[in-house]
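For the record, the sequence lines run as chains A and B.
Numbering-wise (the numbering used here), the first sequence opens with residue 2 and increments by one.
Numbering-wise (the numbering used here), the second sequence opens with residue 2 and increments by one.
Worksheet for the structure shown next.
Number of protein chains: 2
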Amino acid sequence: MNTLENLITLLSRLPGIGKKSAARMAYSLLKGEEEYNRLLGESIAELKNKIHKCKECGNYTEDELCSICTSSDRESTLLCVVEESPDIMMIESTGDYRGLYFVLHGVLSPLDGIGPSELGLDRLMKRVDDLGVTELILATNPTLEGDSTALYIKHLLEGKDIRISRIASGLPVGGDMEYADKMSISRALKGRMEY
Amino acid sequence: MNTLENLITLLSRLPGIGKKSAARMAYSLLKGEEEYNRLLGESIAELKNKIHKCKECGNYTEDELCSICTSSDRESTLLCVVEESPDIMMIESTGDYRGLYFVLHGVLSPLDGIGPSELGLDRLMKRVDDLGVTELILATNPTLEGDSTALYIKHLLEGKDIRISRIASGLPVGGDMEYADKMSISRALKGRMEY
Chain A
2 MNTLENLITL LSRLPGIGKK SAARMAYSLL KGEEEYNRLL GESIAELKNK IHKCKECGNY
62 TEDELCSICT SSDRESTLLC VVEESPDIMM IESTGDYRGL YFVLHGVLSP LDGIGPSELG
122 LDRLMKRVDD LGVTELILAT NPTLEGDSTA LYIKHLLEGK DIRISRIASG LPVGGDMEYA
182 DKMSISRALK GRMEY
Chain B
2 MNTLENLITL LSRLPGIGKK SAARMAYSLL KGEEEYNRLL GESIAELKNK IHKCKECGNY
62 TEDELCSICT SSDRESTLLC VVEESPDIMM IESTGDYRGL YFVLHGVLSP LDGIGPSELG
122 LDRLMKRVDD LGVTELILAT NPTLEGDSTA LYIKHLLEGK DIRISRIASG LPVGGDMEYA
182 DKMSISRALK GRMEY
C-alpha cells in the first residue's frame with residue numbers, strides 16, 4: 002500500500018509526530034471527509050505561496066507588511082528582538098507590550114553556518130536607526146544560543162544611545178523550587194529584585 | 002494572518018493534535034521546504050481518490066483487491082474479523098496468522114445508526130459461505146461495543162459448522178497486576194489456561 006505508507010512517512014517528518022501518530026492521522030484522513038482532505042492538502046501545499054516574511058520585521062504575513070508594522074498605535078521607538086515568528090504571538094497574548102518587533106528566524110550558530118548576515122542583523126541595525134529606537138528588548142530564549150545571540154546584538158549596538166534590556170529568566174510562575182533546574186534557580190537569584 | 006490560522010484550525014482536527022501541536026506543525030511547514038509541503042499537501046488531498054476498500058475484505062488498497070486477498074499462500078478457510086484496517090497491520094506484524102481478514106470499519110452502535118448492514122455483515126456471511134470458512138476468529142476490540150459486535154456475529158453464524166473463537170483478553174504482556182484495571186484482571190482470571 003504505497004500511497005498510504007508514503008503519506009505516513011511524510012507526516013512523521015512533522016515536529017512531534019512519530020510513526021504511530023502519523024499512521025493514526027493517515028487512517029483518520031482515509032476515514033474522514035474528502036472535502037476536509039482537499040482543504041487541508043491545499044492549505045499545506047499553498048502555504049508558502051501565500052505567506053511570506055514582513056519586509057520590516059520578518060514576522061509572517063500575507064501582505065507586504067505585517068499588521069503590527071502597519072498599525073498606527075504602536076510605539077515605534079520601542080523594539081523587541083525575538084527568535085521566531087510564534088514568539089510574537091506569545092508576547093502579544095500578554096497584552097503587556099506596545100512596541101514593534103524584529104524576528105531573527107534563528108540564533109547565531111556558527112557550526113550550522115548561521116552568522117550575523119543569515120539572521121539579518123544588518124537589517125536590524127538599519128531598522129534601529131530608521132525608527133530612532135530608544136529602547137531595545139532582547140527576547141531571545143534563555144538558552145546558550147539565545148544568550149550568545151543577545152550578547153552579540155548588544156555589542157553591535159554599543160555606542161548608540163539606546164536602553165538595552167534582556168527578558169528576565171528564573172523560576173516559571175507556578176513553578177516549584179524543588180523541581181527547578183540549577184540554572185533557573187541561579188538565574189532567579191541573580192535577577193532578584195527589591196521587594 | 003488568516004491563511005495560517007485556517008491551517009492551524011484544520012490541523013487541530015486531526016486525531017491527537019491540539020491547538021499547540023497544530024501551531025507547531027504549521028510553523029514548521031512555513032519554515033520548511035516548499036517541495037515537501039507540495040508532496041504532503043497533494044498526498045492528503047488525493048488520498049481518498051487513490052485508496053479504497055478491497056472488494057473482498059474491506060482492507061484499504063490501491064487495487065481492486067488487497068495484497069492479502071490476492072496472495073496464494075494464505076489459508077482461505079480461516080477468517081479473522083477486525084474492526085479497522087490498521088488492526089490487520091498489527092496482526093500481520095506478529096507473523097502468527099496466515100488466514101484471510103474481514104474489516105467491519107466500525108462496531109455495532111445503534112445510537113449512532115450503525116447496524117448490521119452498515120458493517121456489511123451480509124457481505125461477511127456471503128464471504129464465509131464463498132470461502133468455505135472452517136474457523137472464524139472474532140478480533141474486535143475487548144470493549145463493550147467490540148464484545149457486543151462479536152456476540153452478534155457469533156449468533157449470525159449459528160447452525161453453520163464453523164469453529165468460532167474470540168481473541169483472548171487479560172493482562173497485557175509486561176503489565177503489572179497492581180496497575181491493571183478490574184475488568185482486565187477479571188478477564189485474565191476467566192480466561193485462565195491449564196499450565
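For every residue, glycine included, the Cβ atom is placed at its ideal position computed from N, Cα and C.
Can you give me the C-alpha to C-alpha distance between residue i and residue j, rounded to a whole angstrom?
i: Val83 (chain B); j: Lys127 (chain B); result: 17 Å
i: Arg39 (chain A); j: Tyr37 (chain B); result: 17 Å
i: His156 (chain B); j: Ile45 (chain B); result: 40 Å
i: Leu50 (chain A); j: Gly176 (chain A); result: In the sequence as displayed, the identity of residue 50 (chain A) is Asn instead of Leu. Near 42 Å, if we compare the C-alpha coordinates of Gly176 (chain A) and Asn50 (chain A).
i: Ala140 (chain A); j: Ser94 (chain A); result: 15 Å
i: Asn3 (chain A); j: Glu57 (chain A); result: 45 Å
i: Pro173 (chain A); j: Tyr180 (chain A); result: 11 Å
i: His106 (chain B); j: Leu31 (chain B); result: 35 Å
i: Met90 (chain A); j: Asn60 (chain A); result: 10 Å
i: Ile186 (chain B); j: Gly171 (chain B); result: 6 Å
i: Pro158 (chain A); j: Ala24 (chain B); result: Checking the sequence, you will find Leu at residue 158 (chain A) rather than Pro. So the alpha carbons of these two residues sit roughly 33 Å apart.
i: Ile92 (chain A); j: Glu43 (chain B); result: 34 Å
i: Leu132 (chain B); j: Ser77 (chain B); result: 6 Å
i: Val134 (chain A); j: Leu79 (chain A); result: 6 Å
i: Ile52 (chain A); j: Ser110 (chain B); result: 44 Å
i: Leu48 (chain B); j: Leu5 (chain A); result: 8 Å
i: Lys21 (chain A); j: Leu15 (chain A); result: 13 Å
i: Asp130 (chain B); j: Asp123 (chain B); result: 11 Å
Can you name the start and end residues of the beta strand (DSSP E) that residue i belongs to?
i: Val129 (chain A); result: Looking at the DSSP string, Val129 (chain A) is not in any beta strand (DSSP E); the run it does join, the alpha helix (DSSP H), is 122-132.
i: Gly192 (chain A); result: Here Gly192 (chain A) belongs to no beta strand (DSSP E), and DSSP marks it neither H nor E.
i: Ile137 (chain A); result: Looking at the sequence itself, residue 137 (chain A) is Leu, so the reference to Ile does not match. Start and end: 136-139.
Locate the alpha helix (DSSP H) running through residue i, then write down its first and last residues.
i: Thr10 (chain B); result: 3-12
i: Arg39 (chain B); result: 35-51
i: Ile69 (chain A); result: 68-71
i: Ile89 (chain A); result: 86-95
i: Glu65 (chain B); result: First-last for Glu65 (chain B): undefined, no H or E at that position.
i: Ile18 (chain B); result: Where Ile18 (chain B) is concerned, there is no enclosing alpha helix (DSSP H), given that its DSSP letter is neither H nor E.
i: Ser170 (chain B); result: Here Ser170 (chain B) belongs to no alpha helix (DSSP H), and DSSP marks it neither H nor E.
i: Thr150 (chain A); result: 145-157
Please tell me whether residue i has its Cβ less than 7 Å away from any Cβ of chain A.
i: Asn38 (chain B); result: yes
i: Lys54 (chain B); result: no
i: Gly19 (chain B); result: no
i: Thr4 (chain B); result: yes
For chain B, find out if any of its Cβ atoms is closer than 7 Å to the Cβ of residue i; answer yes or no.
i: Tyr28 (chain A); result: yes
i: Ala46 (chain A); result: yes
i: Glu35 (chain A); result: yes
i: Pro16 (chain A); result: yes
i: Leu109 (chain A); result: no
Name, please, each residue of chain A whose Cβ falls closer than 9 Å to the Cβ of residue i.
i: Leu31 (chain B); result: Leu48, Lys49, Ile52, Tyr61, Ser86
i: Leu101 (chain B); result: Going along chain A, no residue has its Cβ under 9 Å from Leu101 (chain B), so there is no contact; the nearest lies around 17 Å.
For residue i, return the contacting residues in chain A, with the cut-off set at a CB-CB distance below 7 Å.
i: Gly42 (chain B); result: Gly42, Glu43, Ile45, Ala46
Which bits of chain B does residue i rub up against, with CB to CB less than 7 Å?
i: Asn7 (chain A); result: Ser44
In the DSSP output, which residue or residues are listed as bridge partners for residue i?
i: Asn56 (chain A); result: Note that residue 56 (chain A) is Lys in the sequence shown here, rather than Asn. In the DSSP output, where bridge partners are listed per residue, Lys56 (chain A) has none listed.
i: Tyr102 (chain B); result: B:Cys81
i: Ile115 (chain B); result: B:Ser110
i: Arg164 (chain B); result: B:Glu136
i: Glu76 (chain B); result: B:Gly100
Give the residues of chain D in contact with residue i, contact being defined as C-beta atoms less than 9 Å apart.
i: Ala24 (chain A); result: No chain D is part of this structure, whose protein chains are labelled A and B.
Starting from residue i, find everything on chain B with Cβ-Cβ shorter than 8 Å and list it in chain order.
i: Leu11 (chain A); result: Tyr37, Leu40, Leu41, Ser44
Given 6 Å as the limit, tell me if residue i has its C-beta closer than that to any heavy atom belonging to the ligand HEM.
i: Ile168 (chain B); result: Absent from the structure shown: the ligand HEM. Ligands present: none.
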